[in-house]
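Report on the structure given below.
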Amino acid sequence: MGYRDSLQLTADRRLRHFLSIEGLPRATLVEILDTAESFFQVGTREVKKVPLLRGKTIVNLFFENSTRTRTTFELAAKRLSADVLNLNISTSATSKGESLLDTLRNLEAMHADLFVVRHSQSGAAHYIARNVAPHVSVINAGDGSHAHPTQAMLDMFTIRRHFGEFAPLTVVIVGDVLHSRVARSQIHALTTLGVNAVRVVGPRTLIPREVRTLGAHPCDSLEEGLEGADVVIMLRLQRERMQGAFIPSEREYFRLYGLTEAKLARARPDVLVMHPGPINRGVEIASEVADGPRSVILEQVSNGIAVRMAVMALTLGSHSREAGA
Amino acid sequence: MRRLTLKGGRVVDPANGVDRLADLHLAEGRVLAVGEPPDGFSPEQTLDVSGLVVCPGLVDLRVRLREPGLLHKADIASEVAAAVAGGVTTVVMPADTDPVVDTPAVVELVTSRARARGKARVFLIGALTKGLAGEEISEMAALQEAGCIGVGNAGMPVRNHLVLRRALEYAAGQGLTVFLHPEDPWLAAGGVVHEGPVALRLGLTGIPVMAETIALARDLALVEHSGARTHFCGLSSERAVRLLARARFDGLPVSADVTAHHLHLTEMDVAGYDAQAHVRPPLRSQRDRDGLRRALAAGEVDAICSDHQPHDRDAKLGPFAETEPGISALETLLPLTLRLVEEGVVDLTQAVDLLSHRPARVAGLPYGTLSPGAPADVCCFDPEARWVLQPECLRSRGRNTPFIGWEFKGRVRYTLVEGALVFQDPGETG
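If you read the protein sequences in the order shown, they are chains A and B. Going by this note's numbering, the first residue of the first sequence is number 839, and it counts up by one from there. Going by this note's numbering, the first residue of the second sequence is number 478, and it counts up by one from there.
Okay, structure coming up:
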């Protein structure tokens, strides 16, 4: 879908906005991972700052609450020496599109350089990217059920740090794929980076039939799905799924799709267990696994800062290089 | 003028099997003759229409005029002007104005205002249920007496099967045509696009095809029971037109229309979150679009309509699911249909038939034909004129259309209602 390329990439194929993984070439994803690797070292130093984005203003524009995600973006911006403005905007205040545009114009007037956007509606980040001034970049920090590309890239970063390459890997994503922006972005990232196989596991109410068109293989049984897996990614189950008649109870869900040590034994011995957080212990994952030796859940959080630094540096860099060219 | 001759055009009148070069003579607001003028006829004016197709004025079964109540979007004056600019001489308006068309007073208000404008003829579909709430049946006989050509729920659901059963029985007894939009409210809940691969990629809630087919199957069972003459509005899926064809074969008193945009666009057109392609029912798969085209060619669809829904700018701003569905479509109805002719889906006679005579029959109106004695509603268009749609071309106050930038072949030059010239292409100074 070429339109995404043209919205996200500049004419010389630099990353102008980071809205979704879909439509980005493998080279761009690898560039993000390589850049994140260099920033990863910064986090381990005594002085955790680099002056790369000094004088830049980054606005965290959160229309949906998420302290965790906002905090890692904030930390990433600060480590790059940017000025950060955090705005939590209740969606009721911007129920109409026009006032959302008004908000953007006001922030642009304050010379913001980058918007980090989280919104409950799919496509919100695209909408904002299409309507910002030419010098402003947009990073999607999660829009509805559509995409959460920085989360997917920090997962890819974590996987690459452990395995070094993607081609031989079998990755299993377990849970509510239907509503998950994380799963969509992960599937696109994994197929773009060329893993051996992506399996998606869950009840058929939460695994859309069309998931095959994304290059993922649906699987009804977790035991079957875990067979020979290198990576298992557990998705968070939202409590409200019971009301929508998607699943009968947390108890039955855990019995069928909850990750336990016993089920994990079917995967490869060096399997990585991942979760985008926050975890529902005893619903999608047993504590013994979440806190166990195969779990890299906390590592994902630290990696998130390096990946977000990389995406900020690349998107803001696309302007200066363009201007200099 | 009272006597007028349209000279030298290609007269296409499907109702009478006419497609030939001929003069069209009009007198006292009615068609007098095609071809040779009657003895002693001398026109007060002659219009040279050589090179143009002369056909019955178009009849559009679904046009929102937004008046009363939604004047920030459009009004009767702006939209009837848009209609005649698109060659449409008769529009049928659903009941979802504010207030709803569920009392004779609202019918009176709209028809009198439209009459004062003197452009396109405006007819109303009264509310099937009070306030379109789907709970109590409306005073259908009073609405009929006030001039409503039928009753319908304007896309609002009638959830309760028993209420719909009663409504159809009652309407059947009054000889009223019922206009239904088949969509199951539960299966469609929260949906904004066709359920399929594009919805999955975009993370938007889908409206599955079965939301249409299940509602249609229910409605058909109730039609069979009640015998109510029923018209299905805007079928969007291949399965739905197949269901309808079977019902028609079984002898049920049913008809259906499709919108011009469902015959051209698919789910792929929303893939960039383009709010201009946000419509209800949603744009479906290519297979569905092809199925609609086949049904059209086979005569299983009775009309192409615009489903004109002019919007203010704000309505299309924001993330996709927060935008309002609908296209400002009156002025692209004829060009999109002519494109089907160019693509070989239907021939010109079929196209004109689907835009005039057959929808007029669905609405029970005497228009859509150039038979001698018929009201002189005429559309003259240049079938060879190429043009590109720009927002400023539109007379409608709604500029919301996904067809901006499309190149069309075929342009309306003159529109006549009751023998009076109500539109003339400003490019044509002849």
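Cβ atoms here follow ideal geometry from the backbone N, Cα and C, with glycine treated the same way.
Following the continuous beta strand (DSSP E) through residue i, name the residue where it begins and the one where it ends.
| i | result |
| --- | --- |
| B/Gln621 | Unbroken run through B/Gln621 is the alpha helix (DSSP H), Met617 to Glu622; no beta strand (DSSP E). |
| A/Ile1011 | Thr1008 to Val1012 |
| B/Thr892 | Glu884 to Val894 |
| B/Ser732 | Val731 to Thr736 |
| A/His957 | Leu952 to His957 |
| B/Gln901 | Ala897 to Gln901 |
| A/Leu1110 | Leu1110 to Met1112 |
| B/Gly629 | Gly627 to Gly629 |
Who are the neighbours of residue i on chain B, taking C-beta pairs under 9 angstroms?
| i | result |
| --- | --- |
| A/Arg854 | Those do not exist, as A/Arg854 stays about 16 angstroms from chain B at its closest Cβ, beyond 9 angstroms. |
| A/Glu806 | Since the first and last residues shown for chain A are 839 and 1163, residue 806 of chain A lies out of range. |
Is the shortest distance between the beta-carbon of residue i and the beta-carbons of chain B less than 8 angstroms?
| i | result |
| --- | --- |
| A/Gln959 | yes |
| A/Ala1161 | Confidence at A/Ala1161 is low in this model, with a pLDDT of 44, below 50, so the placement of that residue is unreliable and no value is reported for it. |
| A/Leu939 | yes |
| A/Arg1022 | yes |
| A/Gln989 | no |
Give the residues of chain B in contact with residue i, contact being defined as C-beta atoms less than 7 angstroms apart.
| i | result |
| --- | --- |
| A/His984 | Leu679 and Gly680 |
| A/Arg1019 | Gly680 |
Kindly list, in the order they appear in chain A, the residues whose Cβ is closer than 7 angstroms to that of residue i.
| i | result |
| --- | --- |
| B/Pro674 | Glu1048 and Thr1051 |
| B/Tyr750 | Gly961, His964 and Tyr965 |
Just confirm the distance between the C-beta atoms of residue i and residue j, as a whole number of angstroms; I'd bet it's less than 8 angstroms.
| i | j | result |
| --- | --- | --- |
| B/Cys856 | B/Gly485 | In fact, because the Cβ distance is near 16 angstroms, the residues do not count as touching under 8 angstroms. |
| B/Val489 | B/Val536 | With 8 angstroms as the limit, B/Val489 and B/Val536 do not qualify as a contact, their Cβ atoms being about 15 angstroms apart. |
| B/Val599 | B/Ala591 | 4 angstroms |
| A/Ile1143 | A/Gly980 | That pair is no contact at about 16 angstroms. |
| A/Val1009 | A/Leu1028 | 5 angstroms |
| A/Gly1066 | A/Gly1040 | Contact doesn't hold; Cβ gap of about 19 angstroms is too wide. |
| B/Pro849 | B/Ala510 | 6 angstroms |
| B/Pro491 | B/Val829 | 5 angstroms |
| A/Gly982 | B/Gly673 | Actually they are not in contact, since the Cβ atoms of A/Gly982 and B/Gly673 sit about 17 angstroms apart, beyond 8 angstroms. |
At the 8 angstroms Cβ level, is residue i part of the contact set with chain A, yes or no?
| i | result |
| --- | --- |
| B/Phe885 | no |
| B/Leu794 | yes |
| B/Pro903 | no |
List the residues of chain A whose Cβ lies closer than 9 angstroms to the Cβ of residue i, in chain order.
| i | result |
| --- | --- |
| B/Ala585 | Going by the sequence as given, residue 585 of chain B is Glu instead of Ala. Ordered by position in chain A, no residue passes the 9 angstroms Cβ test against B/Glu585, which lies about 34 angstroms from the chain. |
Among the options, which residue has its Cα nearest to the Cα of residue i?
| i | options | result |
| --- | --- | --- |
| A/Gln846 | A/Leu923, A/Met1112, A/Ala967 and A/Leu1073 | A/Ala967 |
| B/Val778 | B/Val686, B/Leu807 and B/Gly768 | B/Gly768 |
| A/Asp951 | A/Asp993, A/Ala963, A/Ile896 and A/Asn969 | A/Ile896 |
| B/Tyr750 | A/Met948, A/Val1049, A/Thr1029 and A/Gln959 | A/Gln959 |
| B/Ser783 | B/Leu712, B/Ala610, B/Pro730 and B/Lys886 | B/Leu712 |
| B/Arg926 | B/Leu740, B/Ala775 and B/Ala780 | Given that chain B is displayed from residue 478 to residue 907, the structure contains no residue 926 of chain B and the question cannot be resolved. |
| A/Leu819 | A/Ser858, A/Ile859 and A/Arg864 | This structure cannot settle anything about residue 819 of chain A, because the visible part of chain A is limited to 839 through 1163. |
| B/Arg757 | B/Ala780, B/Ala748, B/His785 and B/Arg771 | B/His785 |
| A/Val1134 | A/Gly1155, A/Ala1148 and A/Ile1117 | A/Ile1117 |
| A/Ser1140 | A/Ser1059, A/Ala874, A/Arg854 and A/Arg852 | A/Ala874 |
| B/Ala618 | B/Gly506, B/Ala597, B/Glu612 and B/Thr654 | B/Thr654 |
| B/Val865 | B/Thr878, B/Asp854 and B/Glu884 | B/Glu884 |
| B/Val495 | B/Leu817, B/Asn630 and B/Cys532 | B/Cys532 |
| B/Ala853 | B/Gly841, B/Tyr891, B/Arg863 and B/Leu831 | B/Tyr891 |
| B/Met570 | B/Val584, B/Ala562 and B/Ala559 | B/Val584 |
| B/Glu612 | B/Ala582, B/Asn630 and B/Ala752 | B/Asn630 |
Does the beta carbon of residue i sit closer than 8 angstroms to a beta carbon anywhere in chain C?
| i | result |
| --- | --- |
| A/Met948 | Here chain C cannot be found, since the structure's protein chains are A and B. |
Where do the ends of the alpha helix (DSSP H) carrying residue i lie?
| i | result |
| --- | --- |
| B/Val855 | First-last for B/Val855: Val855 to Val865, but that is the beta strand (DSSP E), not the alpha helix (DSSP H). |
| A/Ser1125 | Ser1125 to Ala1128 |
| B/Asp779 | Unbroken run through B/Asp779: none, as it is neither H nor E. |
| A/His817 | What the structure shows of chain A is the stretch from 839 to 1163, and residue 817 of chain A is not part of that stretch, so it cannot be assessed. |
| A/Lys1101 | Glu1099 to Leu1102 |
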